[in-house]
Structures are given as structure tokens and as C-alpha cells.
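Asker: Structure in C-alpha cells, see below.
2 protein chains.
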Amino acid sequence: MDDPYAFELDPQLQADTVLVSDWHLCQVRLMNDSRYPWVILVPKVPGVAEIHELADEQQHLLLEESVRLSKALDQLYSPHKLNIAALGNVVRQLHIHHVVRFEDDAVFPNPVWGVGTVQPYEPDKLAETVSALTIAFDLL
Amino acid sequence: MDDPYAFELDPQLQADTVLVSDWHLCQVRLMNDSRYPWVILVPKVPGVAEIHELADEQQHLLLEESVRLSKALDQLYSPHKLNIAALGNVVRQLHIHHVVRFEDDAVFPNPVWGVGTVQPYEPDKLAETVSALTIAFDLL
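Going line by line, the protein sequences match chains C and D.
Each residue of the first sequence is one higher than the one before, counting from 3 in the numbering used here.
Each residue of the second sequence is one higher than the one before, counting from 3 in the numbering used here.
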């Protein structure tokens, strides 16, 4: 179950996101939706849908990587609130959303999932966002 | 900041939930909404809105209590999926939702927040649910 070589990213996640960084447990992937800064962590563990299905050590690594990501988003964007969630109703492969929310964003205070239409980044803006995240991670 | 005696539950959370159990870090509270088995963890730490604002030790305790709650919900309800989320767009005090989801529930696969009308439990059903949760926690 824990053989990292057997991990394959879900095709829907592959289509919706771009890889920003590859951490010890998780891939760090930017949702290609410019409406919100929105990053997901995908543990590179095959066959897992729930956090409690991870081994204890993996659970704690996931927490640490989630906190690292949260601190980077906090420093970069100074959000009103982070929305952190493991849902998986549509894509079952375990992935943890980290969405930067502002009081004047498209749907605040509602959750972002399944609402409105995805607005992919312009290429320059996508590159700039990935670069900013990468630098923020390096500084932590 | 970490003085537990200074912790006060947010009045909205107080109104929407009932106390099931008092754990080391968190209050375990059942959302009084019979549409979904829905339990929140509220860390008894004043002034905290984000997981990454907790001390490292508190973060790891939160993870452990979240996993304990998740395993109990899994054993009690055999859900299709758990939805675990720290949102806080409406109530800022840190609280982590654990919602048991089924493919035939009221709004699946959408998230539950802010959708439809709350259906408070009948008193007997509320007591039965609290009791079942308490027993499940004791067995873990």
C-alpha cells in the first residue's frame, strides 16, 4: 500500500492543477483557477481516501506540510481566512484543499467548491503565481 | 494566549451544537442538524482562528483528536466519505468540521455548508446519537 512508486495522480486532479513543488509526503499543486489562490496537497500514497487511513507518521507529516503551506499562503496573501478541507466527494484520492479567502472574493462567505465557473490563469500570471509560492516555501 | 481558563465557546457554535465529550485539546460537539452526522472539534485555546496559529504540540494533538473522531464516525456510520474542514468564514473561532457523507444524502456531492435548512434532532434521537458517539469514543 505504501510503495511510493505505485502512486498515480488522479486524472481529474492532474487536469485541474499544476505542480508547484514536490515535498516529502505530498505533491503541492496549484489549482488552475485564478478566482482564488488555491493550493492542494496530495499525499503520494496510493489507495488512500481518508486522512485516518494514512500511517501515523504520514498523518503527522501531512499536518506539518499543511502548516508549512498555510504559513506561506498567509505571508504571501494576508488572507481574511484560510479554508482547509479534505472533502473527496468528487475525486476520491486524498487531497487537502488550502483556499485563500477574502471578504470581497467571488462567493464569500460561502465555500468555493462547485460554485461558479473556473477561470484558468493567463500564462504569465500562472508562472508568476508558481514562482511566488516557490519563493515563499523556500523562505520558511 | 494559551490559558485554558480564558477559552470561551463562540455563541453561534454554542447555539448550533451540543457537547458530546471534552478531550484534552478540544471540545467534541455534535451539530444539532439531523440531516448529517456532523461533529465539530473546538480547540480550547482562546483567540485562535487558524490551525497554524496553534502551538506545534497543540497542532499534533488536534490531528490525533481529529483522527480519533474520524475513526469513531467511520465505525459508527460506514460513510461513503468524510468531509473534514476548517473554514471559519462565518464563525471565526477555530473549529474543525467532520461531516459524514453518503451518496444519497441531501446535497451530495456538494459540500453541506450554507445549503438547505437545518433540521434539529428530535430529543430521543439526539440522546441516542450522543450516546452512540460516546460509546464509539470509549471503544477506540
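Ideal Cβ placement from N, Cα and C applies to all residues, glycine included.
Note that the coordinates shown come from a computational prediction; the quantities given were computed from them, not determined experimentally.
Does Asn85 of chain C get closer than 7 Å to chain D when you measure Cβ to Cβ?
Answerer: Yes, contact with chain D.
Asker: I want to verify the contact list: residues of chain D whose CB lies under 7 Å from the CB of Phe110 of chain C, in sequence order.
Answerer: Within chain D, the residues near Phe110 of chain C are Asn91.
Asker: Identify every run of the alpha helix (DSSP H) within the segment 35-96 of chain D, keeping only runs that are complete inside it and at least 4 residues long; order them along the chain.
Answerer: With a minimum length of 4 residues, the continuous alpha helix (DSSP H) runs that stay inside the segment 35-96 of chain D are 58-79.
Asker: Quickly, what does DSSP pair Thr119 of chain D with across the bridge? List them, please.
Answerer: Thr119 of chain D pairs with nothing; no bridge assigned.
Asker: Since Val101 of chain D sits in a beta bridge, which residues does DSSP pair it with?
Answerer: DSSP lists D:Trp40 and D:Asn85 as partners of Val101 of chain D.
Asker: Once DSSP output is grouped into helix, strand and coil, what is the label at Val30 of chain C?
Answerer: In the structure shown, Val30 of chain C sits in a strand (DSSP, three-state: E or B).
Asker: Do you know offhand how far Leu43 of chain C's Cα is from Glu66 of chain C's?
Answerer: Approximately 11 Å between the Cα atoms of the pair.
Asker: Return the residues of the segment 15-44 of chain D that lie within a Cβ-Cβ distance of less than 8 Å from chain C, sorted by chain order.
Answerer: Under the 8 Å Cβ criterion, the segment 15-44 of chain D contributes no residue.
Asker: Taking the alpha-carbon positions, what's the Asp24 of chain D to Val30 of chain D distance?
Answerer: Rounded to the nearest angstrom, the two C-alpha atoms are 6 Å apart.
Asker: Straight-line CA distance for Ile137 of chain D to Asp126 of chain C?
Answerer: About 55 Å.
Asker: Measure from the C-beta of His100 of chain D to each C-beta in chain C and report whether the shortest distance is under 7 Å.
Answerer: It does not; no Cβ of chain C falls within 7 Å.
Asker: Locate the beta strand (DSSP E) running through Val22 of chain D, then write down its first and last residues.
Answerer: Thr19 to Asp24 is the span of the beta strand (DSSP E), which, as asked, contains Val22 of chain D.
Asker: Assuming Ser52 of chain C and Leu96 of chain C make a contact with CB atoms under 8 Å, what is their CB distance in whole Å?
Answerer: According to the sequence shown, residue 52 of chain C is Glu rather than Ser. With a Cβ gap of about 7 Å, Glu52 of chain C and Leu96 of chain C count as contacting.
Asker: Would Pro45 of chain C and Leu27 of chain C qualify as a contact pair, given that the criterion is a beta-carbon distance under 7 Å?
Answerer: Yes, they are a contact pair.
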